[in-house]
Each structure stands twice: as structure tokens, then as C-alpha cells.
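All residue numbers for the sequence shown refer to this note's numbering, where the first residue is 642 and numbers rise by one. Even glycine gets a Cβ: it sits at the ideal position worked out from N, Cα and C. If you're wondering where the values come from, they're calculated on a predicted model, not measured in any experiment. For reference, the structure is listed below as C-alpha cells.
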Amino acid sequence: MFTNVNCKLFLVFSQVEAEPTAKLFRWSFNSTPGISRELTEFSSDEGGSVLTYVPKIAADYGTLQCWGQNDIGAQQQPCTYHIVPAGKPDPPHTCQLTNVTHHSVVLSCKKGFDGGLKQRFIMVLTSSDTLVANMSSTTLPDFRLTNLEPAQEYSITVSSFNSKGWSKNGDSIIFRTLPAPGLNEQRRLMEASRGEHNRTGPWLYITLAAGSTLIIAGTVGVIIFAVRRFRNENETKIVTDVKLLDWQACYFGSPVLDLSYALYSGCSKETLDKFPDLLKIYHDTLLLSLSKLGCQSSRPYPFEIFKEEWPRFCQFGVILGILVTKIKLTDMAVLPDPADVDTKDNSNYFEELVLAKEECDVPELLKRIDYIFEHLRKIGVFHE
């Protein structure tokens, strides 16, 4: 089948296998059943023929047929070619939903006729007439939808378009996501707790209040004892020692802090080239883990915020990652034992580790740092 755009010229080649070789050919055109006309704009050679054909009006689109003939006789079944005008595509059809969970679903459809041109597929997701997402595909009308709300009803519409225009919208697909894992169990426990509350009456609160008072009083006593026992008598306020403290343990920070450290400490180029995929895999896994822990919100940490936080917080991971990479590339036999880092003899451990050059594979370290900086430029952390 041939598709014509803007009255283009066709060179239709017909080759016939025959013994002896076919020498004579004839062509015909048919746009109406039972009515055909002979075509003469062709050239022939032994074994094949080339037809020159230019459709100009709607009646010029139809079926071309070619017969070959040799010394024994004519070809019984002609070679057939269909000439159709280019047009808008048909919408995708036979759509099916699979792997429906509380926050994701997979949609697979079959292509419609492309109108004779390259087409692109569009998926629109709505909920209560509100646009939730839209996605496109140049290959297949297959889509994976994530970050959905649990126990929520959605509607999907799939269409396609080419250079001639848009297809009609396909049939709307209505579905509902599953309830969040653990939600029913939490409700059951809450109902059981309410029943227990009704049976216990006010004496439970009186007992809890008395117990809490004793616990608080005991805690205050321990604190007072500790302050008096371990009071710092050094009034000179001279720094005598410094300890490394994991400050993330003091307050809640972005997951980017730890993730960027883990990523950049193994900073091979192959790893950094897969950064967008790794980011999405980590985020999906994080949401799944939170849901298994009983988190009822379907978007406790939106992917958009995750991506926005990366350029801001990953710089801490870059610093630690490069330091860890240097440790990996350093001959540890010539450095102090990390287990003795807090002793006086090894007070300069970190300084020695950072400044050591002879014991470190410096060319490899610089190469890995170049990979990191190239990656940071790509994601917009800094510019040259």
C-alpha cells in the first residue's frame, strides 16, 4: 500500500518471476468495482516494469494492477498495489488495564490506522473532570501511570495525531485504584481501641496520668543528677577536643542528603549516566516502603519536590562522596587505623587522609571527580 501526500509522483515497480522471463507488461487502475482503465505511463525490461503514476483528485485513488507475459502466456493473478490519500489517524483501541495498585496502573492499547503518516499517541488522565496527567508516546500507545491517589476513581482517554491532524478520542476508560496497604488494618485497630475505651471508663486515664507523673518526676531527677555529676568545671572555654557528629540525627532532613552521598561515593560514569532512571526507581521504592509502614498519604513526598531538592542538597553528598572515593583509592596500610582515630597520636588522621597523595591513585580520583562535575553541569547544579 502507498500513501500519497500533496499529489506526489509514484514510481511503482513490479517484478515478476517467470521461466522464461516475462517481457511484456500491462497496467490498469480501478477505483470502482467492475470498472478499470488501462495505464500507459510505464517502462518495461526483462522481468520487471516501472509505472509512473500521479493521483490528482479523489477519483485517482484506488487499486493498481500489473500483469506480466512471457512466451508461454500471461500472468493469471496480477500484482496489486493500493494507493490511498494521507489523512488523520484512527484512535487507539482495545485498551486494557493491568497491574492496578493503590498508586499505579499500566495501560496497553492497540494502534489504529496511522493515516499513512507517522503518528504520535497521547494519554489524558482526569479525576472528577480535573486534569491529573498527560503523557505522549511515539512508538506504542502503552503508558505506566504512577503517583495516583489510593481508592480514587480516574478516567483515561487515548488519542493520536499526525501531520494531517488529530484522531477522534477513544472510548473513556474508567478505573479505581486499590485502597492503600494497611488502611483496613489500621481502621480495625482504631475501632477495637474505641471499644476498649468504652469499657475501661475514666479509671484508665487516672492510672495513665499517675504513671506519667511518676515517669516525668524520675526523668527530671536523673537530669538534675547528670548535670551536677558531669558539670564542666573548665571555665576557660578553651576547645580541647572535637568530635564528628552526624547532624542528620538531630533533625529531619531531605532524603537527597544520604542518597547523593551514596551515589557520588560510587561515582562511575556508567552510574551517573543512568541518573534519571535511578532517581525514579529510588522515589518509587521510597513511596512503596512508606505505604508498607502504614503511611496513609499517597503523596507524602512528591517526585517534583524530590527533583527540585536534588540540586540544593546534593552538594553535601558531593563533598562526602569525593572523600569516600579518595579513601577507596588510598592505600590504607600507610594511614592510621580508623578505629584509633580519637586517640591523641592520630589526631591528624583526617588531615593526613585528605592531603595524602603518594598513597592515592590520583589520576583515577581526578577522572571520577570530572565525571561528577560533568554530571552536576548536566543537571544544572552549576554552570561553567
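Report task. Give the range of the alpha helix (DSSP H) segment to which glycine 962 is assigned. Result -> Unbroken alpha helix (DSSP H) run through glycine 962: 944-969.
Query raised in the report: How long is the line joining the alpha carbons of cysteine 694 and threonine 742, rounded to whole angstroms?
Result: First, the residue type needs correcting, since residue 694 is tyrosine and not cysteine in the sequence shown. Taking C-alpha positions only, tyrosine 694 is separated from threonine 742 by approximately 55 Å.
Requested in this report: Going by CA-CA distance only, name the one from Phe670, Leu692, Ile968 that's closest to aspartate 701.
Outcome: Phe670
Query raised in the report: In chain order, what residues of the same chain have a beta carbon less than 7 Å from the beta carbon of leucine 1007, not counting five sequence neighbours either side?
Result: Around leucine 1007: no qualifying Cβ.
Report task. Going by CA-CA distance only, name the one from Ile676, Gly688, Ser677 that's closest to leucine 665. Result -> The shortest Cα separation from leucine 665 among Ile676, Gly688, Ser677 belongs to Gly688.
Query raised in the report: Under the rule that 16 or more other beta-carbon atoms within 10 Å means buried, what is leucine 830, buried or exposed?
Result: Low local confidence applies: a pLDDT of 49 at leucine 830 is under 50, so the model's placement there is unreliable, with the coordinate-based value given in what follows. Leucine 830 comes out exposed.
Query raised in the report: Which residues mark the beginning and the end of the alpha helix (DSSP H) in which isoleucine 922 is found?
Result: Start and end: 916-933.
Query raised in the report: Rounded to the nearest angstrom, how far is the Cβ of threonine 721 from that of glutamine 710, given a contact under 8 Å?
Result: At roughly 17 Å, the Cβ-Cβ gap does not stay under 8 Å, so threonine 721 and glutamine 710 are not in contact.
Query raised in the report: Between valine 765 and the rest of its own chain, which residues show a CB-CB distance below 6 Å, the 5 nearest in sequence each way excluded?
Result: Asn775, Thr798
Requested in this report: Would you decide whether glutamate 658 is buried or exposed? Buried here means 16 or more other CB atoms lie within 10 Å of its CB.
Outcome: exposed
Query raised in the report: For the alpha helix (DSSP H) that histidine 734 lies in, which residues bound it at each end?
Result: Element bounds for histidine 734: not the alpha helix (DSSP H) but the beta strand (DSSP E), 734-739.
Query raised in the report: With a cut-off of 8 Å, do at least 3 Cβ pairs link the region 782-797 to the region 728-745?
Result: Yes, they touch.
Query raised in the report: Near proline 661, which residues of its chain fall below 6 Å by C-beta distance, leaving aside the five closest residues on each side in sequence?
Result: Asn711, Asp712
Query raised in the report: Should the region 951-962 be called in touch with the region 800-807, which here means at least 3 C-beta pairs below 8 Å?
Result: Fewer than three pairs of CB atoms, one per stretch, sit closer than 8 Å, so the region 951-962 makes no contact with the region 800-807.
Requested in this report: Reducing DSSP to helix, strand and coil, say where isoleucine 1013 ends up.
Outcome: helix
**Report entry** Beta-carbon spacing of histidine 618, phenylalanine 916 below 8 Å
**Finding:** The requested residue 618 does not occur in the structure, where the chain is confined to residues 642 to 1025.
Query - Bridge partners - leucine 692, DSSP secondary structure assignment - result: Val653, Phe683
Query raised in the report: Where leucine 652 and isoleucine 724 are concerned, what is the direct C-alpha to C-alpha distance, given to the nearest angstrom?
Result: Going from the Cα of leucine 652 to the Cα of isoleucine 724 covers about 12 Å.
Query raised in the report: Does the separation of the CB atoms of leucine 1026 and glutamate 679 fall below 8 Å?
Result: Outside the shown range of the chain (642 to 1025) lies residue 1026, about which nothing can therefore be said.
Requested in this report: Please name the residue in Cys1001, Phe947, Trp951 whose C-alpha comes closest to that of threonine 618.
Outcome: Residue coverage of the chain in this structure runs from 642 to 1025, which leaves residue 618 outside it and unanswerable.
**Report entry** Own chain, CB closer than 8 Å to phenylalanine 772, minus 5 neighbours either side, in chain order
**Finding:** Correcting the residue type first, residue 772 is leucine in the shown sequence and not phenylalanine. Closer than 8 Å at Cβ, skipping near neighbours: Val765, Leu766.
Report task. Name the one or two DSSP bridge partners that phenylalanine 754 has. Result -> Partner(s): none; phenylalanine 754 has no beta bridge.
**Report entry** serine 796 - containing alpha helix (DSSP H), residue span
**Finding:** From DSSP, serine 796 is part of no alpha helix (DSSP H) but of the beta strand (DSSP E) over 794-803.
Query raised in the report: Which residue comes first and which comes last in the beta strand (DSSP E) that contains phenylalanine 786?
Result: The sequence given here has leucine at residue 786, not phenylalanine. Leucine 786 -> beta strand (DSSP E) spans 783-786.
Query raised in the report: Is it right to say threonine 739 is buried, meaning 16 or more other beta carbons lie within 10 angstroms of its own, or is it exposed?
Result: exposed
Query raised in the report: According to the Cβ coordinates, are leucine 748 and leucine 789 closer than 8 Å?
Result: no
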